[in-house]
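*Asks:*
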Amino acid sequence: MRVVSLVPSVTETLLAWGIEPVACTRFCEQPGLPHVGGTKDPDIAAITALAPDLVVVDREENRKEDAEAIAAAGLGLHVTHVVHLAEVEATLWALWAAVGKPDVNPWPSDEVPAAPPISRRAFVPIWRRPWMTINGDTYGSTVLRACGVHNVFSGHPDRYPEVTIAEASGMRADLVILPSEPYAFAERHMAEVSAVVPDVRLLDGRDLFWWGARTPGALVRITAALA
């Protein structure tokens, strides 16, 4: 089956399943595969020229108008949408069926660790200038909860609120988590957020925000990294 993936975590998952997409986006971190633009600006003409059997898009990662253009071109379309960790299993089974039911177990439940008790309270910035974070209605927040970490802005009404360091300092966090994406936080940024709490940890943003084949291992790695 010829598959184009416009979703970074799906591209990674397909490769883990032994399926090599005929193309993906430049954000999929797969330099060996042809690229057809970005997640928000895919090259519809280039995708159509590849004559794929299926194009995979995501409701949050990609734009509705691009999905509609792909469908209008007569191409097969599979849409994913994961907001909570609990949705990953069903989403992976649906993706597995859509790509022809390869000879893999899309959700190895025996590799999914049991959730530990909540023992940490974390501030999790996802952007800088302005500072932004996530609320509880996000995949990353539900992953943290499954790793024993409470997101201090989980009750915020906005999914991706702008906040200040002063606001974060008042949320009684005992940990700051700096993920490597969507903003590329690195060691040089740690001092900026140490005013919230001195315990600042860098974390692979793909483990926190990319659902898919990596999810079981990501839960293990995050739990260990934040212990």
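Per my numbering, the very first residue in the sequence shown carries number 1; after that it's consecutive.
Heads up, the beta-carbon is just placed ideally off N, CA and C, and yes, glycines get one too.
Among A46, N135, A51, which residue has its Cα nearest to the Cα of V3?
*Replies:* In the sequence shown, counting from the first residue as 1, residue 3 sits at position 3. With distances taken between Cα atoms, V3 lies closest to A51.
*Asks:* Taking its Cβ as the centre, do 16 or more other Cβ atoms sit within 10 Å of I134, making it buried, or is it exposed?
*Replies:* What you label residue 134 is simply residue 134 of the sequence shown in a count that begins at 1. With 16 or more other Cβ atoms within 10 Å, it is buried.
*Asks:* Using the Cβ count rule (16 or more neighbours within 10 Å means buried), how would you classify E60?
*Replies:* On the sequence shown, residue 60 is found 60 positions in, with the first residue counted as 1. Its Cβ having fewer than 16 others within 10 Å, E60 is exposed.
*Asks:* Can you check which of these residues, H84, V82, A45, L85, is closest to D66 by C-alpha distance?
*Replies:* The residue labelled residue 66 in the question sits at position 66 within the sequence shown. It is A45 whose Cα lies nearest to the Cα of D66.
*Asks:* Express the C-alpha separation of F123 and N151 in angstroms, rounding to a whole number.
*Replies:* Against the sequence shown, residue 151 aligns to sequence position 151. Against the sequence shown, residue 123 aligns to sequence position 123. Spanning the two alpha carbons is a distance of roughly 6 Å.
*Asks:* Closest to G100 by CA distance: which of R26, P161, I19 is it?
*Replies:* The residue you call residue 100 lines up with position 100 of the sequence shown. Selected option, being the one with the closest Cα: I19.
*Asks:* Start and end of the alpha helix (DSSP H) containing D231?
*Replies:* Missing from the structure shown is residue 231; the chain here goes from 1 to 227 and no further.
*Asks:* Terminal residues of the continuous beta strand (DSSP E) containing T80?
*Replies:* Against the sequence shown, residue 80 aligns to sequence position 80. Where T80 is concerned, the enclosing beta strand (DSSP E) stretches over 77 to 80.
*Asks:* Going along the chain, which residues of its own chain have a beta-carbon closer than 6 Å to the beta-carbon of P8, five neighbours each way excluded?
*Replies:* For this step, residue 8 is matched to residue 8 along the sequence shown. Counting only Cβ-Cβ distances below 6 Å, and skipping sequence neighbours, we find F27, C28.
*Asks:* Of the choices L33, V196, E162, whose alpha-carbon is the least far from that of A168?
*Replies:* Along the sequence shown, read from residue 1 onward, the residue named residue 168 stands at position 168. Of the candidates L33, V196, E162, the one whose C-alpha sits nearest the C-alpha of A168 is V196.
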